[in-house]
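Student: Each residue of the sequence shown is one higher than the one before, starting from 1328 at the first, in the numbering used here.
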Amino acid sequence: MRRHSSRPTRLLPLRWLCLVAAVFGVTGCGWIGSKLKPTAPKDEPKPFGETGIPPELRARGSGNADGSVVAPGGNKPGVPGLALTPREDIVFTNPDDPEAQLPELADLLAAPKSKTWEDSETLARRRAAREGKPLLIWFTSSQNSPMCKALNEELFTTSDFEKWANEKLVRLRVDDAMRVDDPGLSLDEARSREIDVKNYAAELKMRFKVMGHPTLILLNSSGEVIGRYVGYKRGGADFTWGLLKHGESVSTRAYAAWRDGLEKKGYREWRDRRERKVFAKLVAYAKGELTFVEPDGTRSRTHEDKLSDVDRSWLSGQKNHVSSP
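1) Only counting the same chain, and skipping five residues up and downstream in sequence, which positions put a Cβ closer than 6 Å to that of Glu1575?
2) When the Cα atoms are used, what is the spatial distance from Gly1318 to Glu1516?
3) Among Ala1504, Arg1506, Glu1489 and Met1505, which residue has its Cα nearest to the Cα of Arg1498?
4) Would a C-beta distance cut-off of 8 Å place Arg1500 and Thr1467 closer than the cut-off?
5) If you reduce the DSSP assignment to three classes, tell me which class Val1507 lands in.
6) What three-state label does DSSP hand Glu1426 in the structure shown?
7) Just the C-alpha distance for Trp1295 and Ile1544, rounded to the nearest angstrom, thanks.
8) Give the list of continuous alpha helix (DSSP H) stretches no shorter than 4 residues that lie fully inside the segment 1437–1492.
9) Which same chain residues, not among the five before or five after Trp1358, have their C-beta less than 6 Å away from its C-beta?
10) Inspect the beta-carbon positions of Arg1520 and Val1537 and report whether they are closer than 8 Å.
11) Report yes if the C-beta distance between Tyr1556 and Leu1546 is below 8 Å; otherwise report no.
12) Determine the direct distance from the alpha carbon of Gln1470 to that of Val1524, and round the result to whole angstroms.
13) Kindly give me the distance between the Cβ atoms of Ser1635 and Glu1602, rounded to whole angstroms, as I take these residues to be in contact under 8 Å.
14) Can you tell me whether Met1533 is buried or exposed, with buried defined as 16 or more other CB within 10 angstroms of its CB?
15) Measuring alpha carbon to alpha carbon, tell me which of Gly1511, Arg1600 and Leu1531 ends up nearest His1630.
16) Using the beta-carbon count (16 or more within 10 Å), is Leu1648 buried or exposed?
17) Between the Cα of Gly1539 and the Cα atoms of Arg1518, Thr1567, Gly1550 and Met1474, which residue gives the shortest distance?
18) According to DSSP, simplified to helix, strand and coil, what is Asp1523?
19) Take the Cβ of Ile1522 as the centre, count every other Cβ of all protein chains shown within 10 Å, and call the residue buried at 16 or more, exposed below.
20) Closest by CA to Glu1551, which one among Glu1445, Thr1443, Arg1452 and Glu1616?
21) Quick check on the DSSP output: the alpha helix (DSSP H) that includes Thr1579 runs from which residue to which?
22) Under a three-way DSSP split, which group does Thr1412 fall into?
23) Are the CB atoms of Ser1513 and Arg1553 within a distance shorter than 8 Å?
24) What first and last residue would you give for the beta strand (DSSP E) that runs through Leu1512?
25) Per DSSP, which residues does Thr1629 bridge with? Please list them.
26) Quick check: what's the CA-CA separation for Asp1632 versus Tyr1559?
27) DSSP three-state label for Gly1644, please.
28) DSSP three-state call for Arg1555: helix, strand or coil?
29) Which class does Val1605 belong to by DSSP, given the choice of helix, strand or coil?
30) Have a look at Gly1562 and Leu1463 and give me their C-alpha separation to the nearest angstrom.
31) Classify Glu1480: buried if its beta carbon has 16 or more other beta carbons within 10 angstroms, exposed otherwise.
32) Sort out for me which residues DSSP pairs Ala1611 with in a bridge.
Below, the structure written as structure tokens:
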């Protein structure tokens, strides 16, 4: 009979078990990794090149017959091509008369008769620049704002203000509630015109950051905002007028300095036979034809016979000065 030992089974220390497991684990992983190591794919035939696109489906004019393979993450953007000039921005000129497209100065000076309150920002700005006056923009809502009506009744329609403003300002009214009352328009046309007016007013309000009515914006002749007056209280006509007078005075002084600087660059005031005037620079002269450019970039032409006697005399003096040795 075998005697069983009463001595207990001796276990390996924990640190040895961990070491054995680590050794076999690494070895096992390495063995598995060696078995699963990917092999290089065999080259497959590519009858349509790298892109796989048949020639008849590729863009014409491509420099690379096989196309370009898209790299991971996307290819680098190409160099942008030249943008086409819109047809309406292309000016076709006559080589025998390069200035043929320029408008006649007389036509520009014979613009539509100015209104007490202009309704076109473009025309109002042009008048302000040409006349050297500040531009007053009145943002109003004639149908919805009682204070706009009060401002109009207590100040803008008075004879004293009208006389002063006609001499000192160019005025533009932006009314987002204007009703179109033109008997020559159908109901649909009138409605469409009203929508256009509202959209136009909304665009100007956004540009000048107008938040309420009435709001008065005063611009100098070069288009810089020199005054912003928001709101109105009944009985405040004299106060509001005082603000406008101060802004006009500031603008006039700034305009004088601005004009003096341009005169040093060759700008001067020209007049036609009807004493209509324009502040411009003579940039070209040939066979009695003169080409002018105004400070805002407007170009025009005229003949010296259409100028005032004073301007013709000045021009004659310039010719003699140039021709003299």
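Where a beta carbon is used, it is the ideal one built from N, C-alpha and C, also for glycine.
Predicted model, so just to flag it, every value in this text is computed and none were measured.
Tutor: On the basis of the supplied data:
1) For Glu1575, where only same-chain residues beyond five positions count, the Cβ hits under 6 Å are Pro1461 and Lys1495.
2) Since the first residue of the chain shown is 1328 and the last is 1652, residue 1318 is not available in this structure.
3) The residue with the shortest Cα to Cα distance from Arg1498 is Glu1489.
4) For the 8 Å CB-CB criterion, Arg1500 and Thr1467 form a contact.
5) Here Val1507 sits in coil by DSSP.
6) Its pLDDT being 47, under 50, Glu1426 is placed unreliably in this model, and the coordinates cannot settle the point.
7) An answer regarding residue 1295 cannot be provided, because it is not within the stretch 1328 to 1652 covered by the chain.
8) Counting only runs that start and end inside the segment 1437–1492, the alpha helix (DSSP H) elements of at least 4 residues fall at 1448–1458 and 1473–1478.
9) The pLDDT assigned to Trp1358 is 44, lower than 50, so where the model puts this residue is not dependable; a value taken from the coordinates is nonetheless given after this. So the list is empty, once near-sequence residues are dropped.
10) Not a contact, by the Cβ cut-off of 8 Å.
11) With respect to Leu1546, Tyr1556 sits apart: the two C-beta atoms are not nearer than 8 Å.
12) Near 14 Å, if we compare the C-alpha coordinates of Gln1470 and Val1524.
13) Taking 8 Å as the upper bound for CB-CB distance, Ser1635 and Glu1602 are in contact here, some 7 Å apart.
14) By the 16-neighbour rule on beta-carbons within 10 angstroms, Met1533 is exposed.
15) Nearest option by C-alpha distance: Arg1600.
16) Sequence inspection shows His at residue 1648; the Leu mentioned does not correspond to that position. Exposed, by the Cβ-count rule.
17) Just measuring C-alpha positions, the residue of Arg1518, Thr1567, Gly1550 and Met1474 sitting nearest Gly1539 is Met1474.
18) Asp1523: helix per DSSP, three-state reduction.
19) Here Ile1522 is exposed, its C-beta having fewer than 16 other C-beta atoms within 10 Å.
20) For the set Glu1445, Thr1443, Arg1452 and Glu1616, the Cα lying nearest the Cα of Glu1551 is the one of Arg1452.
21) Judged by DSSP secondary structure, Thr1579 falls within the alpha helix (DSSP H) whose first and last residues are Ala1564 to Glu1590.
22) Any answer about Thr1412 is weak, because its pLDDT of 40 lies below 50 and its placement is not dependable; what the coordinates show is given next. Three-state DSSP puts Thr1412 in coil, outside helix and strand.
23) For the record, residue 1553 in the displayed sequence is Ile; it is not Arg. No, the pair does not count as a contact, with Cβ atoms beyond the cut-off.
24) Segment: none, Leu1512 is in no beta strand (DSSP E) and carries neither H nor E.
25) DSSP lists Leu1617 as partners of Thr1629.
26) Going by the C-alpha atoms only, they are around 52 Å apart.
27) Three-state DSSP puts Gly1644 in a helix.
28) If DSSP states are grouped into helix, strand and coil, Arg1555 belongs with the strands.
29) Val1605 falls in the strand class under three-state DSSP.
30) Their backbone Cα atoms lie some 21 Å apart in a straight line.
31) By the 10 Å Cβ count, Glu1480 comes out exposed.
32) Per DSSP, Thr1618.
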